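First residue of the sequence shown? That's -5 in the numbering used here, and the numbers climb one at a time after it. Cβ atoms here follow ideal geometry from the backbone N, Cα and C, with glycine treated the same way. Owing to the predicted nature of the structure, the values given are computational and were not obtained by experimental measurement.
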Amino acid sequence: STVSGNVFFNGPRAGINANDGFGGGDEISHNLVFSTCRESGDHGPFNSWDRQPFLTTVRDGSASMTMAWREIHHNFFIDNYSPQEDVDNDDGSAYYKTHHNFLVYGGQGMKNDFGGHDNHHYSNVYAYVGR
């Protein structure tokens, strides 16, 4: 899936959510996301989880339980409601490359926990993190 060129705001939960990443290969780019998690305060503009692996051919054409890399890049995320993380890779989330984003506020710029792995943050700007 490609999610690009959107404005998400004033939502009760994350502006963009990716659950059980299936085969991967997703791209999230050039979005403006702010005023999210207005009812939960649970994460931030982006939230993901991968609790269930899938056997797919998405990665390289052969059957595999390992998904293709997903990219989050060139976004402007503002975590201004009960800030926790701008990018919350939760509950086993894996194979994310998060780069060249402008991430504002948030307790941390990112979170990776509960069995998550292979999540790489690089070349991002983290502004006012921890405020």
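Item	Value
Since Trp43 is in the beta strand (DSSP E), which residue starts that stretch and which ends it?	Phe40 to Trp43
Between the beta-carbon of Asn4 and the beta-carbon of Leu26, is there less than 9 Å?	no
Quick one: Cα of Phe40 to Cα of Met104, how far?	10 Å
If you check the beta carbons only, do His68 and Asn106 fall under 9 Å apart?	no
Please confirm whether Asp54 and Gly86 have their CB atoms less than 9 Å apart.	no
Pull up the DSSP beta-bridge partners for Gln102, would you.	Glu79
Counting C-beta neighbours from all protein chains within 10 Å, is the total for Ser(-2) 16 or more, i.e. buried, or is it exposed?	exposed
Once the 5 residues before and after Gly9 are set aside, which same chain residues still bring their CB inside 6 Å of it?	Phe2, Val27, Thr30 and Pro39
Mind checking who His67 pairs with in its DSSP beta bridge?	Ser23 and His93
Phe2 by DSSP, collapsed to three states: which one?	strand
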